[in-house]
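Novice:
Residue numbers (our numbering), protein chains in the order written: chain B, 23 to 185; chain P, 345 to 375.
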């Protein structure tokens with residue numbers, strides 16, 4: 023992961039505020055599988071975006087990309103505080119399907135069509151989101167495999183002694 | 345992962361470096 027130490031007010035005047043807001047919005051929320059504090063995810067997505075651009079609007083949208091979808095904030099809030107471009111990016115990064123749209127497959131299809139229509143900048147942030155989600159799943163699976171391997175070995179060892 | 349592969353298909357207009365990295369991550373997972 024890139025360093026956070028050069029994210030200062032002189033280079034990114036609004037990013038500091040966006041990180042503080044995101045940390046507040048996601049307070050008490052954990053990631054689904056890894057159970058680490060949720061804020062780790064939007065920060066990681068922002069850092070992945072940073073590897074290809076220093077566009078502050080994109081970095082802010084990366085940090086805030088889940089706050090509307092998770093119903094912590096509204097698009098109006100994002101627009102009033104961070105402007106119309108960040109709000110537009112966050113809107114593209116927010117799933118549009120509702121429970122009444124049907125089963126999971128139908129809802130996913132609607133969300134995919136929404137993402138397909140997004141701007142190239144929003145798609146770049148979505149790529150960073152996809153990268154971090156996939157890498158997190160791989161890391162979780164590896165951790166699971168390690169624990170399973172250790173427990174399985176211990177079980178086999180105990181089982182052999184009893185025979 | 346099938347859903348993630350479908351998602352990648354609609355993200356071709358995003359940054360090409362991140363597109364390649366996303367594709368590589370998905371392949372790593374599938375292997």
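Heads up, the beta-carbon is just placed ideally off N, CA and C, and yes, glycines get one too.
Quick check: the region 103–111 of chain B against the region 154–162 of chain B, are there 3 or more CB pairs under 8 angstroms?
Specialist: no
Novice: Going by other Cβ atoms of all chains shown within 10 Å of its Cβ, with 16 needed for buried, is residue 98 of chain B buried or exposed?
Specialist: exposed
Novice: To the nearest angstrom, how far is the alpha carbon of residue 356 of chain P from that of residue 89 of chain B?
Specialist: 25 angstroms
Novice: DSSP on residue 35 of chain B, reduced to helix/strand/coil?
Specialist: coil
Novice: If we call anything under 9 angstroms between Cβ atoms a contact, is residue 115 of chain B one with residue 366 of chain P?
Specialist: Inclusion of residue 115 of chain B and residue 366 of chain P in the CB contact set at 9 angstroms is not warranted, their separation being larger than that value.
Novice: Below 8 angstroms on the Cβ atoms is my contact criterion, and I expect residue 350 of chain P with residue 134 of chain B to pass it. Report the Cβ-Cβ distance as a whole number of Å.
Specialist: 6 angstroms
Novice: Write down every uninterrupted run of the alpha helix (DSSP H) in the region 70–155 of chain B whose length is 4 residues or greater and which is fully enclosed by it, in chain order.
Specialist: 78–85, 97–104, 106–114 and 126–138
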